[in-house]
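The opening position of the sequence shown corresponds to residue 755 in this note's numbering, with each subsequent residue numbered one higher. Positions of the beta carbon are idealized from the N, C-alpha and C atoms, including for glycine. Following: one structure in structure tokens, then a few remarks.
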Amino acid sequence: QVQLVESGGGLVQAGGSLRLSCAASGSVLSLDYMGWYRQIAGKQRELVAHITSGDSTKYGDSVKGRFTISRDNAKNTAYLQMNSLKPEDTAVYYCKALLRSGIYFWGQGTQVTVSS
């Protein structure tokens, strides 16, 4: 089992920045990748970014060049630095952790609201 606690969401004006954190606890020795997804009401959850245990990263097309994912393995925490935020980035952001066994876990979600 892995427990994920997200923090850092909130309200920001367009063009501003936020940093999300996702702290993992539990079976963290088996962690493979950690990622951030987001969901707008009525739409499917979409990939924002993920990072593997080897620090390989992948980004959704809409956030490339604006968002940066990083990971502190000593703290079992993943971060999402979000710059140049746009109103269309408004969503609930979820952290996902994938174990090497293929089992994955979701965080509870944190709201990000970008005002125009």
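Check, Outcome
"At least 3 beta-carbon pairs within less than 8 Å: the segment 757-766 vs the segment 862-869", "yes"
"T806 versus S771 - alpha carbon distance", "24 Å"
"Cβ distance (whole Å) where D786 is taken to contact L853 below 8 Å", "6 Å"
"Contact belief for A851 with A777 at Cβ below 8 Å, rounded distance in angstroms", "Going by Cβ atoms, the distance from A851 to A777 rounds to 10 Å, so no, they are not a contact pair."
"Short Cβ contact (8 Å threshold) for V782 with F859", "no"
"Assigned secondary structure, S824 (DSSP; H/G/I helix, E/B strand, else coil)", "strand"
"Ranges of the beta strand (DSSP E) found wholly within the segment 788-847, counting only runs of at least 3", "800-805, 811-813, 821-826, 831-836"
"Sequence-distant residues of its chain with Cβ nearer than 6 Å to I794 (five each side left out)", "A845"
"Continuous alpha helix (DSSP H) assignments of at least 4 residues falling wholly in the segment 762-786", "none"
"Pick from T831, R825, G819, F821 that is closest to S810, judged by C-alpha positions", "R825"
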